[in-house]
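A quick write-up on the structure given underneath.
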Amino acid sequence: MAWVRVAHCAIVWTFGWRALYRQVVRSSFATVPFYRERWALHGRTDPVMVAGKGERDGAVPAEELAGRLPDLVPLAGGSATPDPLRGLEIVLHQCARISPDTLIIGAAPEYHPRVVAFESTPDEPRGHVLAVGTPGQLAGVGQDIPRVPLVTFAERGSEGLLVDDLLGVLGGVRDCGNWHVDWPRVYARETPLGLAFTLLLQRSPRLVDIVPAGASGRIARCPQHRTPVIAA
Amino acid sequence: MRVEILDPRTDPEPEYWARLRVTAGLRADWAWEVLAAQAWGARTVQLVTVLFDGTTPKAVVNAAWLGAPLHRFSFTGATSRPWFGAVHVRGPGSGAVPGWWLADDVPITALTETYARAMRRELGPGCLALVLRQVTEEQAAQAGRFKVVRPTERIWTFPVHEWSDPEAWLMSLSRSRRSNLRGIFRRVRENDGLEIRIETATTDLDVVRVIEAMRWNDDKYGGKLIPRIRVLTAYLQALVAQPDVHSTSYIDRATGDLIAFGTALDHPTVPIVRSWTQRPAAEGGAKYLYFYHLAKQVEWAIANGKRWVELGKGKSQEKQSLGAVPSDQAAMAVPIRPW
Ligand SMILES: [Zn+2]
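These protein sequence lines map, in sequence, to chains A and B. Going by the working numbering, the letters in the first sequence line up with residues 302 to 533, in that order. Going by the working numbering, the letters in the second sequence line up with residues 28 to 366, in that order.
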């Protein structure tokens, strides 16, 4: 019943994804000081993002959040600490072949049983090994070990996972060769500043329409997986 | 009397507003952009009402429409209108000052009758009561028969007009407080690591840092059930940018850290010392800075010919020891006739 799944994906992508985003925007406007201030005090009484309305379509450059993390906590309270590896457990599995027996060197999902740090990598690791880390960290790992680089927008090439200190793991290259967004947990939108990302499931710190440095590109649909990808 | 009800979030500043502020002696917290920022950051609908005699404003009232459903954890919606509750008259952004002004020839019944009826018309039959904060005994006595009056925390004021110069003020204090203050002045004078920056109408204050500092106090006073709403950066930005607001930053020269911060809202005769926030002692805060700050406000007020300096509620012992006098305050609730 492949066509059912395809149709399902298309419907969820077209309606559900955006509806979830709108819901997060509404709730952030109602309960999170940072967005209240930013959207309301710039003359917007309507929190729904509309192209051409508000300042830069409502997008926030990531660097403007420096020192503002406590204002991203909803009034009801919550954490003000971002998780730079948020989403790793899901995206890594989509983008690399991993079994419970895989020995992961570097960054691994919390529950993964076999993990070692870069410093304590065995000289001759046995079995299936995978190194996950920033290009700098991977430089010290033996050439023959398979790897998944964690790259920022500026470092983005043709492989790896896309990461941001605030937003966590935003997506990664899948077997189709496209940069897949961590759909549907992350919403991505084109704005005059670049691609703006929203974490749809993270309550606190609330991150809505954040543009990481150098986040250029378009949002398209992968012809093979029929879910959103970052093109160009 | 004609009545105009305004929502500062969405209504533009009325053309008569600047003149009305001067006539009524309304401080910077009544500047329209400050009211707008305050209203956007509130949990309840904030309404500003002006009563006119012909075209002359005769009274102005700031109130929160406190009603059900009550939002504990969210700001008020742009179009939210609770369907029953009470109108809570208080100073914008501070419950320590009255939220209204009446021209000399207007009795307080203009509030309890004309204003109350106008609110009921505007907010619907669910508007059941009017609550006024910072009411004096005489004012309460003049209001009609049906009312509930309860004493609330006293507010403190420096009787600056009684002191001809700072020395006269110091001499009016207890000997121990006097020598303590002289010690504090010396300590601050000799402390090269402390920078004191006084700014008026500033647009380049690092408000993010100040808000962070204010959080030390919020965490101390905030309730568990109803969280204290944090001051929005834009509110502070709008407030300190007013030409009649003086902000004082106490900064550690070595690290650049903000140790303490205070604002004063000027007024021809009665300025008000508004916010004071300082780093906890464990993080380099110093209690003596509070005394220093108040002493400097007294000196400034004497030098500028003010009559009183309002200090608000709380820290009674400290304020009294510096020569402040208390005044009794009450909250008064008046039912609003449903017809
Ligand atoms: Zn794909």
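Yeah, the Cβ is synthetic: ideal placement off N, Cα and C, and Gly gets one too. Predicted model only: the values in this text are computed from it and were never measured.
Of all residues in the stretch 74 to 103 of chain B, those with a C-beta nearer than 7 Å to a C-beta of chain A are Phe100, Ser101, Phe102, reading in chain order. Chain order gives the chain B residues near Leu376 of chain A as Arg70, His98, Arg99, Phe100, Ser101, Phe102, Pro254, Ile256, Arg257, where near means a beta carbon separation below 9 Å. In this structure Ala240 of chain B is in contact with Leu285 of chain B, their Cβ atoms being roughly 5 Å apart against a cut-off of 8 Å. Beta-bridge partners of Ala360 of chain B (DSSP): B:Val158, B:Val175. Collapsing the DSSP output to three states places Ser206 of chain B in a helix. With a cut-off of 8 Å on Cβ pairs, the stretch 118 to 134 of chain B is not in contact with the stretch 388 to 400 of chain A, counting fewer than three such pairs. Counting of Cβ neighbours within 10 angstroms places Trp480 of chain A among the buried residues, the total reaching 16 or more.
Per DSSP, Pro385 of chain A lies in no beta strand (DSSP E) segment and is marked neither H nor E. Contact of Ala58 of chain B with chain A by beta-carbon distance below 7 Å is absent, the smallest such distance being about 14 Å. Taking 9 Å as the upper bound on Cβ-Cβ separation, chain B lies near no residue of the stretch 407 to 433 of chain A. Boundaries of the alpha helix (DSSP H) around Tyr262 of chain B: 260 to 267. Scanning chain A for C-beta atoms nearer than 9 Å to the C-beta of Thr260 of chain B yields Pro334, Phe335, Glu338, Arg369, Asp372, reported in chain order. With 16 or more other Cβ atoms inside 10 Å of its own Cβ, Tyr317 of chain B counts as buried. Residue environment for Tyr262 of chain B: buried (at least 16 other C-beta atoms within 10 angstroms of its C-beta). Relative to ligand 1, even the nearest heavy atom lies 6 Å or more away from the CB of Arg522 of chain A. A direct Cα-Cα distance of roughly 10 Å separates Ala357 of chain B from Gln166 of chain B. Counting along the chain, no alpha helix (DSSP H) covers His115 of chain B; the unbroken beta strand (DSSP E) around it starts and ends at 111 to 116. Note on Ala95 of chain B: under 16 other CB atoms within 10 angstroms of its CB, so exposed under the neighbour-count rule. In this structure, Gln65 of chain B keeps its C-beta atom at 7 Å or more from the C-beta atom of Ala91 of chain B. One finds Ser101, Phe102, Gly104 in chain B with Cβ atoms closer than 7 Å to the Cβ of Ala331 of chain A, taken in chain order.
In this structure, Glu338 of chain A lies near Leu259 of chain B, with their beta-carbon atoms less than 7 Å apart.
Taking Thr163 of chain B as the centre and dropping the five residues before and after it, the same chain places the C-beta of Ser354, Asp355, Gln356, Ala357 closer than 8 Å to its C-beta, in chain order.
Taking a C-beta distance under 7 Å as the contact criterion, Val374 of chain A and Pro506 of chain A qualify as a contact pair. Burial of Asn89 of chain B is indicated by the presence of at least 16 other C-beta atoms within 10 angstroms of its C-beta. Boundaries of the alpha helix (DSSP H) harbouring His320 of chain B: 315 to 330, taken from the DSSP string. In this structure, DSSP gives Gly312 of chain B a state outside helix and strand, which the three-state scheme calls coil.
Within the stretch 455 to 517 of chain A, no complete alpha helix (DSSP H) segment of 4 residues or longer occurs. The nearest non-hydrogen atom of ligand 1 is 6 Å or more from the C-beta of His394 of chain A. Contact annotation: Phe419 of chain A and Gln438 of chain A have beta-carbon atoms nearer than 7 Å. Residues of chain A with a Cβ closer than 8 Å to the Cβ of Trp335 of chain B do not exist, since the nearest Cβ in that chain sits about 33 Å away. Per DSSP, Leu431 of chain A is not a residue of any alpha helix (DSSP H); the beta strand (DSSP E) it occupies stretches across 430 to 434. Using a 10 angstroms sphere on the CB of Val530 of chain A, the tally of other CB atoms reaches 16 or more, which defines it as buried. Cβ contact annotation for Ser276 of chain B (same chain, cutoff 7 Å, sequence separation greater than five): Arg224, Leu285, Phe288, in chain order.
With respect to Met359 of chain B, Lys174 of chain B sits close: the two C-beta atoms are nearer than 7 Å.
Residue burial annotation: Arg147 of chain B is buried, with at least 16 other C-beta atoms found within 10 angstroms of its C-beta.
Per DSSP, reduced to three states, the secondary structure at Gly441 of chain A is coil, with no helix or strand assignment.
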